[in-house]
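Note sheet for the following structure.
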């Protein structure tokens, strides 16, 4: 069975998404270290800006892609019997796709 | 292999995983833990955009006993996964790929991740 993300492409997606998440976490940690914790109002105002919403959607997309490649690796390496793998991967794919759609919807709705 | 009469070494008391293997399986386990936390993160994201009561319910949930345990587990997983990931990315470009350096960084990842797990206790 061939999956949409496998081989060298999965390898590259895993590392590119890791770099996006790493940069975002470093920026977030820096912001939290520099000043007082943002209030709920500050977070809502910041995340409603178009550039912030776009950044957060990129982060969510990276997170979901990263999780897909990682879980796919774990399922293909360890899950026995092997005939269960396609079904489990299908459930994971639907779950991650739903999370991606849900988070993107929330972020876009909030920014509009 | 089947029917072979060669001796088998399978003494779990004497098997030792090399430290790099422990860091590596920890990377996978922490990744699965973080993936399991994603649905909760999506709920928290939605509530962070809603009214004061919903937002406070997330804070209250995290301060309950179960919430605190979850925070400690997620803090360990995030710390281990992040550090082990940085270690891998550096090795990809040839930094710290020698055996002594790799063993030292594997030790550091495991130890610092345990410290990260203690962060929610301090907060």
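Protein chains in written order, with the working numbering: chain A, 3 to 114; chain B, -9 to 113.
Cβ atoms here follow ideal geometry from the backbone N, Cα and C, with glycine treated the same way.
Between residue 48 of chain B and residue 18 of chain B, the alpha-carbon positions lie close to 28 Å from each other. Where residue 42 of chain B is concerned, the enclosing alpha helix (DSSP H) starts and stops at 42 to 53. Apart from the 5 residues on each side of it in sequence, residue 63 of chain B sits with its Cβ closer than 8 Å to the Cβ of 23, 107 in its chain, given in chain order.
For residue 39 of chain A, no alpha helix (DSSP H) encloses it, and the DSSP letter there is neither H nor E. Residue 103 of chain B and residue 66 of chain B have their C-alpha atoms spaced approximately 5 Å apart. Taking 8 Å as the CB threshold, residue 29 of chain B lines the interface with chain A. Using a Cβ-Cβ cut-off of 7 Å, residue 39 of chain B is close to 46, 108, 112 of chain A, given in chain order. Nearest CB-CB separation between residue 59 of chain A and chain B: not below the 8 Å threshold. Three or more beta-carbon pairs separated by less than 8 Å are not found between the segment -2 to 12 of chain B and the segment 20 to 29 of chain A, which leaves the two stretches without contact.
Distance from the CA of residue 25 of chain B to the CA of residue 69 of chain A, rounded to the nearest whole angstrom, comes to 6 Å. Put simply, the segment 27 to 41 of chain B does not touch the segment 70 to 84 of chain A. Fewer than three CB pairs are less than 8 Å apart. Chain-ordered, the chain B residues with CB closer than 7 Å to the CB of residue 69 of chain A read 25, 28. For residue 52 of chain A, the enclosing alpha helix (DSSP H) stretches over residues 52 to 80. Under the Cβ distance rule, residue 76 of chain A counts among the residues neighbouring chain B, one pair being separated by less than 8 Å.
Using a CB distance cut-off of 8 Å, residue 17 of chain A counts as an interface residue toward chain B. Chain B has no Cβ within less than 8 Å of the Cβ of residue 29 of chain A. About 20 Å separates the CB atoms of residue 92 of chain B and residue 21 of chain B; that is not less than 8 Å, and the two are not in contact.
The beta carbon of residue 71 of chain B lies closer than 7 Å to those of 17, 20, 21, 24 in the same chain, with the five residues before and after it left out. In the DSSP annotation of this structure, the continuous segment of the alpha helix (DSSP H) that includes residue 97 of chain B starts and ends at 89 to 112.
Only those residues of the segment 0 to 25 of chain B whose C-beta falls short of 8 Å from the nearest C-beta of chain A are listed: 18, 21, 22, 24, 25. Counting only residues of its own chain and dropping the five nearest sequence neighbours on each side, residue 7 of chain A has a CB closer than 8 Å to the CB of 15, 67, 70, 71, 74. In this structure, residue 75 of chain B places its C-beta atom within 8 Å of the C-beta atom of residue 20 of chain A.
Leaving aside the five residues that flank residue 80 of chain B on each side, the residues in its chain whose CB is nearer than 6 Å to its CB run, in chain order, 86.
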